[in-house]
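Asker: My numbering puts the sequence shown at residues 1223 to 1630.
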Amino acid sequence: MKSWKITTLAIGDLLAAYISLFLMLKISFGELYGAPIVMEHLFPFTIIFFAWLIVLFIFEQYDPISGRPRLYTIKSLSYALATSLAFGILVFYIGKFGITPKMNLLLVFVFFVTLYVLWRRLAFKLFGDTFVEKVTFLDSNEYVDKLKSTIISSPQLGYRLAKEGEHPDIVVSQTPFSRGSKLLSLSEMYESIFGKVPVDIADKTLPYQIESRRENLAGIIIKRFSDILFSSVTLIATSWLWPIIILGIKLDDRGPILYSHKRVGLNNKPFNFLKFRSMRTDAEKGGAQWADKEDSRVTRFGKFLRKSHLDEIPQMINVFMGDMSVIGPRPERPEFVETLEREIPLYDLRHIIKPGFTGWAQVRFRYARTVSESREKFEYDLYYIKNKSFILDAGILLKTIQIIVTHL
């Protein structure tokens, strides 16, 4: 979704929240309603409202991605609203605000949910009918077919297919030329809707675009400082878990605590990748194998570690040491990289930035168990490499937290 649409949705959501607050105050306080009452409630509810925006972002309410079933959308919104209400209750019971929260907060929440649903219906109606761009495609292939299908099924994206004889606002083509219309390459259009770069039709200038966007010295220093700070805080905050995890591993099969093996990092340099061991000690006696969500090699305690993602904690040591960053493409094993570089175009671009503890592919895709799935996973990595920014990093981190919490 375009940035101005996301901003519009967020402003509307915030406005709905404040209208809900004023409605609650008017109903609850009647004749006593006035500036002193408003000011007394404004600060604590402002904290709650901005937290609600973050929660809505985490639960993808600003990312109406195409193709998701209605049940998924309802489930995601339910999680978001439940988390928002829980946070509001927490703020009032921890904070010393001197106001009665129980019924007030509930009223605000009921008003907000009502206004939120009405506002979103209106906004998507406007995005789909009024602020819409007409698109025409000059090529015919599987990528064009997928884009057309998505545009038809997802009017909230703000596009529709131009009718015959109608002048388009956007012309999409693999062979760029245009008169009087905005021109997008097929790759750019695909990227803007699906959040990934299709390697088979990527622009030939892509490697040069990525090279020109390498971080300068200031950016490298800021990123490194952020990595050190985040990894230090995480290691300290989770230090109490280490004895429990160590005991669980030892009671399960008495093997080693940590699992260390080579992964490929920045500029194709190998490093020792750390995890709490979640598989049997003989899991790779036949050589490296693709990871699988339902891997039979995983121990009983290892299943818990994987589901909770606690097996990943030692990677904060990798981040602290500079082998990895908090955000970036997940590092792969040398045995797999050799194969994937032969099979997937542009795969070597994956190693021009540090690998990450989490990344765009991790929050948008699943386990890659084949070369074909690794290709699609790489397309998400390529999107991140091309578009990396502080805002994108923050979004990935928040989404990672949501995934961990909802999958426990």
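Cβ atoms here follow ideal geometry from the backbone N, Cα and C, with glycine treated the same way. Remember, it's a predicted structure, so these values are computed and weren't measured experimentally.
Cβ of residue 1604 within 7 Å of Cβ of residue 1330?
Answerer: Contact flag unset, no.
Asker: From which residue to which residue does the beta strand (DSSP E) around residue 1355 run?
Answerer: Note, residue 1355: beta strand (DSSP E), 1355-1359.
Asker: Over the uninterrupted beta strand (DSSP E) stretch that includes residue 1395, give me the two end residues.
Answerer: Unbroken beta strand (DSSP E) run through residue 1395: 1392-1395.
Asker: In three-state DSSP terms, what is residue 1363?
Answerer: In this structure, residue 1363 counts as coil in the three-state DSSP scheme.
Asker: Kindly list the residues whose CB is nearer than 7 Å to the CB of residue 1449, restricted to its own chain and excluding five residues on each side of it in sequence; keep chain order.
Answerer: 1541, 1547 and 1548, listed in sequence order.
Asker: As an exercise, report each continuous alpha helix (DSSP H) stretch of at least 4 residues that is fully enclosed by the stretch 1565-1595, in chain order.
Answerer: Correct list: 1582-1586.
Asker: For residue 1417 and residue 1529, what's the separation of their Cα atoms in angstroms?
Answerer: About 26 Å.
Asker: Going by the CB atoms, is the gap between residue 1551 and residue 1572 shorter than 7 Å?
Answerer: The answer is yes: Cβ separation under 7 Å.
Asker: Decide yes or no for the touch test of the stretch 1561-1571 against the stretch 1593-1610: beta carbon pairs closer than 8 Å, at least 3 of them.
Answerer: Yes, they touch.
Asker: What's the call for residue 1455, buried or exposed, on a 16-neighbour Cβ count within 10 Å?
Answerer: With fewer than 16 Cβ atoms within 10 Å of its Cβ, residue 1455 is classed as exposed.
Asker: Would you report the Cα separation of residue 1535 and residue 1225, rounded to the nearest angstrom?
Answerer: Computed Cα separation, rounded: 34 Å.
Asker: Which class does residue 1436 belong to by DSSP, given the choice of helix, strand or coil?
Answerer: Of the three classes helix, strand and coil, the one that applies to residue 1436 here is coil, per DSSP.
Asker: Helix, strand or coil for residue 1555, going by three-state DSSP, please let me know.
Answerer: If DSSP states are grouped into helix, strand and coil, residue 1555 belongs with coil.
Asker: So residue 1529 is in the alpha helix (DSSP H); what residue range does that whole segment cover?
Answerer: Note, residue 1529: alpha helix (DSSP H), 1522-1530.
Asker: Can you tell which of 1437, 1349, 1467 and 1492 has the C-alpha that lies nearest to the C-alpha of residue 1230?
Answerer: Taking only the C-alpha atoms, the option nearest residue 1230 is 1349.
Asker: Grab the span of the alpha helix (DSSP H) containing residue 1263 for me, first residue to last.
Answerer: Where residue 1263 is concerned, the enclosing alpha helix (DSSP H) stretches over 1257-1280.
Asker: Counting along the chain, where does the alpha helix (DSSP H) carrying residue 1227 start and finish?
Answerer: Where residue 1227 is concerned, the enclosing alpha helix (DSSP H) stretches over 1225-1251.
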